[in-house]
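> This is the structure, below, for whatever I ask next.
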Amino acid sequence: EPEVTQTPSHQVTQMGQEVILRCVPISNHLYFYWYRQILGQKVEFLVSFYNNEISEKSEIFDDQFSVERPDGSNFTLKIRSTKLEDSAMYFCASSLTSGAQETQYFGPGTRLLVL
Amino acid sequence: QKEVEQNSGPLSVPEGAIASLNCTYSDRGSQSFFWYRQYSGKSPELIMFIYSNGDKEDGRFTAQLNKASQYVSLLIRDSQPSDSATYLCAPVWGSARQLTFGSGTQLTVLP
Chain F
1223 EPEVTQTPSH QVTQMGQEVI LRCVPISNHL YFYWYRQILG QKVEFLVSFY
1273 NNEISEKSEI FDDQFSVERP DGSNFTLKIR STKLEDSAMY FCASSLTSGA
1323 QETQYFGPGT RLLVL
Chain L
14 QKEVEQNSGP LSVPEGAIAS LNCTYSDRGS QSFFWYRQYS GKSPELIMFI
64 YSNGDKEDGR FTAQLNKASQ YVSLLIRDSQ PSDSATYLCA PVWGSARQLT
114 FGSGTQLTVL P
């Protein structure tokens, strides 16, 4: 069964460093998402991406964040200058369409720890 | 601000019982409602979704939606210890159909 994959599974970085989180969505999916979950808190929407551009973003997704689809398979989230409060689990998700009944499939997540 | 409220629990039920999980939401524009299950340290996995008022059954799971009351629920029949997890309610909104998750209800099924 096709699945969303994410690398790395864990990332430890120093405050102020740049990190890139990678995702490989399901191959025929067209809509891509990043969510994050701070430990003990709810899953929060960050950004959605379609046709090589951002379609929606939340207030969390400020200028330190960027997303890119550098090739036909990868979808990346870059955090330019990490802060302590960026420590969280980051989930990538993908869906075939953006229909209201379309399921988003989540990857296993990348646990980011900023020291 | 779109709000999704769930009882945080923990909710404990004995094995074989019915577990009832509730969710209210603030955005009347939400069109579909997804229930995900999340085991500790893992990613959300889809249980089912509902978009029409009334009940929708899928195996041991039944979702109920009442748009007038802005209320959605999930019933789990014949609960199993493997059902022990956090259950996330997630209305869909926005042009990109992003999910707005509630904080989740922690369910424990006791053997």
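Going line by line, the protein sequences match chains F and L. If you read the first sequence in the numbering used here, its first letter stands for residue 1223, the second for the next number, and so on. If you read the second sequence in the numbering used here, its first letter stands for residue 14, the second for the next number, and so on. Ideal placement from N, C-alpha and C gives every residue a C-beta, glycine not left out. Keep in mind that this is a model prediction, so the values were computed, not measured.
1. Check the Cβ-Cβ distances between Thr1235 of chain F and every residue of chain L, and say whether any is below 7 Å.
2. Give me the DSSP bridge partner(s) of Ala81 of chain L.
3. Per DSSP, which residues does His1251 of chain F bridge with? Please list them.
4. Rounded C-beta distance between Arg110 of chain L and Ser1249 of chain F? I'm assuming under 8 Å.
5. For Glu1266 of chain F, which three-state DSSP category applies?
6. Quick one, are the C-beta atoms of Thr75 of chain L and Leu59 of chain L less than 7 Å apart?
7. In the DSSP assignment, find the beta strand (DSSP E) that holds Lys1300 of chain F and state where it starts and stops.
8. Per DSSP, Met1311 of chain F is paired with what?
9. Quick one: measure Cβ to Cβ for Thr1298 of chain F and Leu1243 of chain F, integer angstroms, because I've assumed they're closer than 8 Å.
10. Would you say Phe1187 of chain F lies against chain L (beta-carbon separation less than 7 Å)?
11. Evaluate Gly115 of chain L with the Cβ neighbour count: other Cβ atoms within 10 Å of its Cβ, from every protein chain shown; 16 or more gives buried, anything less gives exposed.
Walking through what the data contain:
1. no
2. DSSP lists no partner for Ala81 of chain L.
3. Its beta-bridge partners do not exist; DSSP assigns none.
4. That pair is no contact at about 20 Å.
5. strand
6. No. Outside cutoff.
7. Element bounds for Lys1300 of chain F: Phe1297 to Ile1301.
8. F:Gln1259 and F:Arg1333
9. With 8 Å as the limit, Thr1298 of chain F and Leu1243 of chain F qualify as a contact, their Cβ atoms being about 7 Å apart.
10. Since the first residue shown for chain F is 1223 and the last is 1337, residue 1187 of chain F is missing from the structure and cannot be characterised.
11. buried
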